[in-house]
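Numbering (my numbering), first residue to last: 13 to 260. No residue lacks a Cβ here, since even glycine has one placed at the ideal position from N, Cα and C. Fair warning: this is a prediction, and the values are worked out from it, not measured in the lab. See below for the structure under consideration.
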């Protein structure tokens, strides 16, 4: 792995091992999201506003919404680079963008994310205006995809039941961000992914879920290539998503 940083733009290069790949011998979408979160964390650490710093004030960064658009995914044995920068911020949210490029510098996709800082005890939003030096590090760099879409009502045309267990839980003792995405993507069979790939994925995180909670995974696949979906716990959505597929 290699990384570089110039304050406003941070990048890290990875190698995609065979053991990380999907059945289609390419980067799984869940691993991509994990890399986006990792690179965002490393960039925040390089500014001194990462986990170690905020935890001293009983605070933490939380991913609120995300949109990812991919034209292709890294293949097995390939190097790829994730770049990130801040587009804007206000008292409550920071907008962080990403570009994913292959070993020859060709763009594979982009992502837009919205983050907030919360109090780790009360789970309430904190004022991030105190991190004012971020303003001087906002990058004048374009991200060509649309902002995360707000998914409204999801018709439960197809559902599956799931119980969150040990491997779904992170160090905060609630369900890990990527595990919500895995639960949603498992609503489709293997042969679907053999003939389709994710073109765009929007998700908004509404509330936290915990170990042992029973969830309903609901998908509206009236249009099989454009599917709103949600995860519901105790009759309330914990996240809402929309997944757009393209044929391979």
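Spatial neighbours of residue 48 within its chain, please: CB distance less than 6 Å, with the 5 preceding and 5 following residues excluded, ordered by chain position.
The residue labelled residue 48 in the question sits at position 36 within the chain shown. Excluding residues within five positions, the ones whose Cβ falls inside 6 Å are 110, 123.
Let me know if residue 207 comes out buried or exposed under the rule of 16 or more other beta-carbons within 10 Å of its beta-carbon.
Along the chain shown, read from residue 1 onward, the residue named residue 207 stands at position 195. Its Cβ having fewer than 16 others within 10 Å, residue 207 is exposed.
Cα-Cα separation, residue 36 to residue 45:
Numbered from its first residue, the chain shown carries residue 36 at position 24. Numbered from its first residue, the chain shown carries residue 45 at position 33. In a straight line, the C-alpha of residue 36 is about 18 Å away from that of residue 45.
Which of the three DSSP states is assigned to residue 45 in this structure?
Position 33 of the chain shown, counted from the start, is the residue given in the question as residue 45. In the structure shown, residue 45 sits in a helix (DSSP, three-state: H, G or I).
Which residues mark the beginning and the end of the beta strand (DSSP E) in which residue 108 is found?
By 1-based counting over the chain shown, the position of residue 108 is 96. Segment 106-114, the beta strand (DSSP E) holding residue 108.
I want to know whether the stretch 166-183 touches the stretch 22-35 - three or more CB-CB distances under 8 Å.
In this structure the stretch 166-183 does not touch the stretch 22-35; the number of beta carbon pairs closer than 8 Å is below three.
Proximity of residue 226 and residue 175 at Cβ, strictly below 8 Å
Translated into positions along the chain shown, residue 226 becomes position 214. Translated into positions along the chain shown, residue 175 becomes position 163. In this structure, residue 226 sits near residue 175, with a CB-CB distance shorter than 8 Å.
So residue 121 packs on residue 80, CB below 8 Å; how close in whole Å?
Position 109 of the chain shown, counting from 1, holds the residue named residue 121. Position 68 of the chain shown, counting from 1, holds the residue named residue 80. With 8 Å as the limit, residue 121 and residue 80 qualify as a contact, their Cβ atoms being about 7 Å apart.
Same chain, Cβ closer than 7 Å to residue 172, five either side skipped, listed in chain order:
As a first step, residue 172 is located in the chain shown; it is residue number 160 there, counting from the start. 199, 229, listed in sequence order.
Does the beta-carbon of residue 178 have 16 or more other beta-carbons within 10 angstroms, so that it is buried, or is it exposed?
For the purposes of this step, residue 178 is taken as residue 166 along the chain shown, with counting starting at 1. Residue environment for residue 178: exposed (fewer than 16 other C-beta atoms within 10 angstroms of its C-beta).
Grouping DSSP H, G and I as helix and E and B as strand, with all else coil, what is residue 233?
Position 221 of the chain shown holds residue 233. DSSP, reduced to helix, strand and coil, places residue 233 outside both helices and strands of the structure shown, so it counts as coil.
Please report the distance separating the alpha-carbon of residue 255 from that of residue 58.
Taking the first residue of the chain shown as position 1, residue 255 is located at position 243. Taking the first residue of the chain shown as position 1, residue 58 is located at position 46. The C-alpha of residue 58 is placed about 33 Å away from the C-alpha of residue 255.
Compute the distance between the beta-carbons of residue 88 and residue 38, then report whether it is under 8 Å.
Against the chain shown, residue 88 aligns to sequence position 76. Against the chain shown, residue 38 aligns to sequence position 26. Yes. Within cutoff.
Have a look at residue 40 and residue 249 and give me their C-alpha separation to the nearest angstrom.
Translated into positions along the chain shown, residue 40 becomes position 28. Translated into positions along the chain shown, residue 249 becomes position 237. For residue 40 and residue 249, the distance between alpha carbons rounds to 25 Å.
By DSSP's criteria, residue 259 is part of a beta bridge. Which residues make up the other side?
In the chain shown, residue 259 corresponds to position 247, counting from 1. Beta-bridge pairing links residue 259 to 208.
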